[in-house]
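Position one of the sequence shown corresponds to residue 1 (UniProt numbering), numbered consecutively onward. Below you'll find the structure, written out as structure tokens, and then a few comments.
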Amino acid sequence: MTDDGESEAVEALQRLGLSKYEAQVFIALERLGAGTARDVDRMTDVPRSQVYGAAENLEERGLVEVQQSNPIQYRAVPLDEARETLTERFEREQARAFDYLETARRGEDYKDEHQEGVWTVHGRDNVSARVRQIVADAREHVLYASGPELVDEEVAAALRERAEEVDVWVCSEFSDDPAITEQFADSAVTVAPFPEDPTADAAGRLLAVDGETVLLSVLGGEELPGVRTETAIWSSDTGIATVLLQLLRSHLDDDIEAKL
1 MTDDGESEAV EALQRLGLSK YEAQVFIALE RLGAGTARDV DRMTDVPRSQ VYGAAENLEE
61 RGLVEVQQSN PIQYRAVPLD EARETLTERF EREQARAFDY LETARRGEDY KDEHQEGVWT
121 VHGRDNVSAR VRQIVADARE HVLYASGPEL VDEEVAAALR ERAEEVDVWV CSEFSDDPAI
181 TEQFADSAVT VAPFPEDPTA DAAGRLLAVD GETVLLSVLG GEELPGVRTE TAIWSSDTGI
241 ATVLLQLLRS HLDDDIEAKL
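Below, the structure written as structure tokens:
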């Protein structure tokens, strides 16, 4: 029988690439220090006939050492070594997968996202992640507009970093709010007000980059106390983006509008 903690550990090891039997045998050997297949069988639900194969697989993975005695003794490697081995394996598999995905993305059958289309992003964390991605890709200028609640530290950091190379404006009805101004003190980011309040109660944030990419979000009901849901649409290098950017320019002062 296994307790909840062990079950979670088994599941975690499975996510790292071990089979269920391998995970159970490895945990048993960590508890034993060293033991035979019979010892492992007594500590786990793994049939003894399966212990041998699982232990051999663990040996091939560099997680178990085998002593050719009679009976055969198995010993788990030290935890630091096991952790390093599994981490390296995970990183190799991750690199292999994403190398292929990069190749596939550049392939003949890949259709670039910069087609006539509007993309939807749900959830505040996901919207923030998309904002940071778009900001990181900016080549000339960035305009980010929102209230203080949507200028979180990670977004602010992305804006500050990009401002070292391109023009970045942060515009808000609350442009003098310390929650905004303190985020960009001693940075190249320009903080400016909108001449008119462009937001309604449901409005979230707006991002415009390089005159070709625009993101707009709206806020819904609270998903957590004091935290409202957020859904965004974004488009790049499309007719839809062009129209949205033209509408945006009508809300900006001449200095910023001229550069967008």
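Note that the Cβ used here is the ideal one computed from N, Cα and C, for glycine as well. For clarity, every value in this text was computed on a predicted model and none was experimentally measured.
Which value, in whole angstroms, describes the spacing of the CA atoms of residue 13 and residue 239? Mapped onto the sequence shown, residue 13 falls at position 13. Mapped onto the sequence shown, residue 239 falls at position 239. Going from the Cα of residue 13 to the Cα of residue 239 covers about 48 angstroms.
Requested in this report: Just mark residue 261 as buried or exposed, buried being the case when its beta carbon has 16 or more other beta carbons within 10 Å.
Outcome: The first residue shown for the chain is 1 and the last is 260, placing residue 261 beyond what the model contains.
When we look at the beta-carbon of residue 180 and count the other beta-carbons within 10 Å, is it buried (16 or more) or exposed? Mapped onto the sequence shown, residue 180 falls at position 180. Residue 180 comes out buried.
- prompt: So, residue 214 versus residue 241, is the Cβ gap smaller than 9 angstroms?
  reply: If you number the sequence shown from 1, residue 214 lands on position 214. If you number the sequence shown from 1, residue 241 lands on position 241. With respect to the 9 angstroms criterion, residue 214 and residue 241 are classified as neighbours on the basis of their beta carbons.
Provide the residue span of the alpha helix (DSSP H) that contains residue 7, from first to last.
Here residue 7 refers to the residue found at position 7 when the sequence shown is read from its first residue. Where residue 7 is concerned, the enclosing alpha helix (DSSP H) stretches over 4-15.
| Secondary structure of residue 72, DSSP reduced to three states | For the purposes of this step, residue 72 is taken as the residue at position 72 of the sequence shown. Look at residue 72 here: in three-state DSSP terms it is coil, with no helix or strand label.
*Sequence-distant residues of its chain with Cβ nearer than 6 angstroms to residue 48 (five each side left out)*: Looking up residue 48 in the sequence shown gives position 48. Hits under 6 angstroms: 37, 41.
Please list the terminal residues of the continuous beta strand (DSSP E) segment that includes residue 167. Locating residue 167 in the sequence shown gives position 167, where the first residue counts as 1. Per DSSP, residue 167 belongs to the beta strand (DSSP E) from 167-171.
- Task: Taking all protein chains shown into account, decide if residue 124 is buried (16 or more other Cβ within 10 angstroms of its Cβ) or exposed.
- Result: Against the sequence shown, residue 124 aligns to sequence position 124. Buried, since its Cβ has 16 or more Cβ neighbours within 10 Å.
**Prompt:** Quick one: what does DSSP say residue 61 is sitting in, helix, strand or coil?
**Reply:** Taking the sequence shown and counting its residues from 1, the one referred to as residue 61 is at position 61. Residue 61: coil per DSSP, three-state reduction.
Could you work out which residue in 117, 236, 79 is closest to residue 30 when comparing CA atoms only? By one-based count along the sequence shown, residue 30 stands at place 30. Per the Cα distances, 79.
Measuring only the C-alpha atoms, how far is residue 234 from residue 170? Here residue 234 refers to the residue found at position 234 of the sequence shown. Here residue 170 refers to the residue found at position 170 of the sequence shown. The straight-line gap from Cα to Cα measures roughly 18 angstroms.
Whole-number beta carbon distance between residue 139 and residue 155, since they are thought to touch under 8 angstroms: Numbered from its first residue, the sequence shown carries residue 155 at position 155. Numbered from its first residue, the sequence shown carries residue 139 at position 139. Wrong, their Cβ atoms sit about 19 angstroms apart, outside the cutoff.
* Return the CA-CA distance between residue 121 and residue 221, expressed in angstroms with no decimal places. => Position 121 of the sequence shown holds residue 121. Position 221 of the sequence shown holds residue 221. Residue 121 and residue 221 have their C-alpha atoms spaced approximately 16 angstroms apart.
On the DSSP bridge list, what partners appear for residue 35?
Numbered from 1 along the sequence shown, position 35 holds the residue referred to as residue 35. Answer by DSSP bridge pairing, in chain order: 74.
**Prompt:** Can you pull the DSSP bridge partners for residue 48?
**Reply:** What you label residue 48 is simply residue 48 of the sequence shown in a count that begins at 1. None; residue 48 has no bridge partner.
Q) Is it right to say residue 44 is buried, meaning 16 or more other beta carbons lie within 10 angstroms of its own, or is it exposed? A) Start at 1 with the first residue of the sequence shown, and residue 44 comes out as number 44. Residue environment analysis places residue 44 among the buried positions, since at least 16 neighbouring C-beta atoms fall within 10 angstroms of its C-beta.
* Asked: Are the Cβ atoms of residue 243 and residue 230 separated by less than 9 angstroms?
  -> For the purposes of this step, residue 243 is taken as the residue at position 243 of the sequence shown. For the purposes of this step, residue 230 is taken as the residue at position 230 of the sequence shown. Here residue 243 is not near residue 230, since their CB atoms are 9 angstroms or more apart.
(message) According to DSSP, is residue 217 part of a helix, a strand, or is it coil?
(response) For the purposes of this step, residue 217 is taken as residue 217 along the sequence shown, with counting starting at 1. Residue 217 falls in the strand class under three-state DSSP.
| said: Quick check on the burial criterion: 16 or more other C-beta atoms within 10 angstroms. Buried or exposed for residue 69? | reply: As a first step, residue 69 must be located in the sequence shown, where it is residue number 69. Residue 69 comes out exposed.
Requested in this report: Indicate the three-state DSSP secondary structure (helix, strand or coil) for residue 229 in the structure shown.
Outcome: The sequence position of residue 229 within the sequence shown is 229, counting from 1. DSSP, reduced to helix, strand and coil, places residue 229 within a strand of the structure shown.
Spatially closest choice to residue 89 from 18, 212, 193, by CA coordinates | In the sequence shown, residue 89 corresponds to position 89, counting from 1. Comparing Cα-Cα distances from residue 89 to each of 18, 212, 193, the minimum goes to 18.
Note to self: Does residue 18 come out as helix, strand or coil in the three-state DSSP assignment?
What the structure shows: The count along the sequence shown starts at 1 and reaches residue 18 at position 18. Residue state, collapsed to three classes: coil.
Q: Could you pull the start and end residues of the beta strand (DSSP E) that residue 181 belongs to?
A: In the sequence shown, residue 181 corresponds to position 181, counting from 1. Looking at the DSSP string, residue 181 is not in any beta strand (DSSP E); the run it does join, the alpha helix (DSSP H), is 178-181.
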